[in-house]
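I have placed the structure first, in the form of structure tokens, so that the comments after it can refer back to it.
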Amino acid sequence: MKSHLKIITLAGILFICLGMHSMIEQANLPQPIEFKIPKGWPKPPTDIFAKNKLTEQGFRLGKKLFYDARLSKDGEVSCASCHQYFAAFSTYEHDLSHGVNNSFTNRNAPALFNLAWRTSFHWDGGVNHIEVQALNPLTAPNEMGETLEAVLIKLKKDSTYRRLFKDAFGTDAISSQRMLKALAQFTGSLLSANSRYDKMKRGEIQFTLAEQKGYELYKLHCSGCHTEPLFTDESFRNNGMGLNRFNDAGRMNITHKSSDSLKFKVPSLRNVQLSPPYMHDGSIGYITKVLEHYRTGIDTTSAILDPLLKNKINLSNRQRDELLYFLFALTDTSFTKSKRFGPDEKYVFKH
765 MKSHLKIITL
775 AGILFICLGM
785 HSMIEQANLP
795 QPIEFKIPKG
805 WPKPPTDIFA
815 KNKLTEQGFR
825 LGKKLFYDAR
835 LSKDGEVSCA
845 SCHQYFAAFS
855 TYEHDLSHGV
865 NNSFTNRNAP
875 ALFNLAWRTS
885 FHWDGGVNHI
895 EVQALNPLTA
905 PNEMGETLEA
915 VLIKLKKDST
925 YRRLFKDAFG
935 TDAISSQRML
945 KALAQFTGSL
955 LSANSRYDKM
965 KRGEIQFTLA
975 EQKGYELYKL
985 HCSGCHTEPL
995 FTDESFRNNG
1005 MGLNRFNDAG
1015 RMNITHKSSD
1025 SLKFKVPSLR
1035 NVQLSPPYMH
1045 DGSIGYITKV
1055 LEHYRTGIDT
1065 TSAILDPLLK
1075 NKINLSNRQR
1085 DELLYFLFAL
1095 TDTSFTKSKR
1105 FGPDEKYVFK
1115 H
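Last residue of the sequence shown: 1115 (our numbering), numbering continuous.
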């Protein structure tokens, strides 16, 4: 009898130990995150997380990498230096982005949000996958200016990174592929969908009269390129800005087609209030000046101007102000103040 009890007791202990071991193993596995598409939004053209499963651990690793200036050659520039969270991950009040050793880029840093719906990246669409997107800023001599080999050496020397890579991917092996996947998990999760416009669409609030009139003006004059609900159609268009001091031909640099001369990616109008200056080169400092460009500044005789702008955008001063009220209703402060997306500790922007 005693021997039977002993066997049962030992079996019970073994069962408990195995159960605890299984629980520990489960706890150590990356925890999946569901990427929720806002109600009424289209399905992303591709599932960016299909081969890069979104997990809490992968997100945290990507976030740390995003805010870490040590990834740059001089240790002064991070992804967040140019993509500042409080400016909807654009560069606030700087026409051009600052790179290593006091260098400058020749374009304004685009805002980062709702990237899961992007079909291409950068102003000229030179990159077509989110996992590849970070390669250019990491290695460009006028951005972060580092080699992938040097970045990996820095990461491998850091015990915190070794732990974070193990948490995210199962082993502490650090590779460029894993680094880029983690960055893509963080940036691909940057969802902005809680502006006054979104709340109006969900039936939570009503627009003011000025916002509603501005909304109607937007639908009449702007929606052909800045399509709801993303407020971009992901196309490349010539908006009449002309050739700048960098002789930046835009999309033509990628396709080598003269028909693509001075075409640039149509940016989203979401959070436009928070992300001055504007245009691909940051040459317009105020949103009112942007509207003035479309009202009076376009050379309509240009053979390469987008056909939708051949008649400019005819707005009275009152209509301009009403359109501004609507544009400001696209501001999502819950996104820019999100602790999940913002830095985990005090962050100093050195540029």
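Every residue, glycine too, gets a C-beta built ideally from N, C-alpha and C. Computed from a predicted structure; not experimentally measured.
- Membership of Gly863 in any alpha helix (DSSP H) is not indicated, and neither H nor E is assigned to it by DSSP.
- Spanning the alpha carbons of Asn1075 and Phe995 requires a straight line of approximately 21 Å.
- A contact between stretches requires three or more CB pairs, one per stretch, nearer than 8 Å, and the segment 975–994 meets this requirement with the segment 1027–1041.
- For the 8 Å CB-CB criterion, Ser959 and Asp1096 form a contact.
- Closest by C-alpha distance to Glu913, out of Leu981, Ile969 and Ser836, is Ser836.
- By the C-beta criterion, the segment 1040–1049 is judged not to be in contact with the segment 1079–1089, since fewer than 3 inter-stretch pairs fall below 8 Å.
- Residue environment: Pro905 is assigned as exposed (fewer than 16 neighbouring CB atoms within 10 Å of its CB, all protein chains considered).
- Taking 8 Å as the cut-off, the beta carbon of Ile1048 is found no closer than this to the beta carbon of Arg1059.
- Counting C-beta pairs closer than 8 Å gives three or more between the segment 948–968 and the segment 875–895, which meets the contact rule.
- Boundaries of the alpha helix (DSSP H) harbouring Met943: Ser940 to Gly952, taken from the DSSP string.
- Annotation: Lys918 to Gln941 spans about 15 Å, alpha carbon to alpha carbon.
- By the neighbour-count criterion, in which a residue is buried when 16 or more other Cβ atoms sit within 10 angstroms of its Cβ, Ile1068 is exposed.
- Secondary structure at Thr911: coil, using DSSP grouped into helix, strand and coil.
- The beta carbon of Ile812 lies closer than 6 Å to those of Ala880, Ile894 and Gly952 in the same chain, with the five residues before and after it left out.
- In this structure, DSSP gives Gln1083 a helical state, which the three-state scheme calls helix.
- Taking C-beta atoms as the reference points, Phe1090 and Tyr979 count as a pair closer than 8 Å.
- The continuous stretches of alpha helix (DSSP H) do not include Lys807, and DSSP gives it neither H nor E.
- If you check the CB distance, Asp1063 and Gly1014 do not come in under 8 Å.
- Around Gly839, the same chain offers Ala833 as residues with beta carbons nearer than 7 Å, after the five sequence neighbours per side are excluded.
- Taking 8 Å as the cut-off, the Cβ atoms of Leu825 and Phe799 do not count as close.
- Judged by DSSP in its simplified three-state form, Arg1009 adopts coil rather than helix or strand.
- Taking the C-beta atoms as reference points, Ser842 is found no nearer than 8 Å to Phe853.
- Apart from sequence neighbours up to five positions away, the residues of its chain that approach Asn865 with a beta-carbon distance below 8 Å are Lys837, Asp838 and Gly909, ordered along the chain.
- A residue is called buried when at least 16 other Cβ atoms come within 10 angstroms of its Cβ; Tyr849 meets this threshold and is buried.
- When DSSP states are grouped into helix, strand and coil, Arg960 belongs to the helix group.
- Here the alpha carbon of Lys977 sits roughly 22 Å from the alpha carbon of Gly804.
- Distances from the alpha-carbon of Asn892 to those of Thr972, Pro794 and Ile1018 put Ile1018 closest.
- Contact between Leu902 and Val915 holds, since their C-beta atoms are separated by about 7 Å, short of 8 Å.
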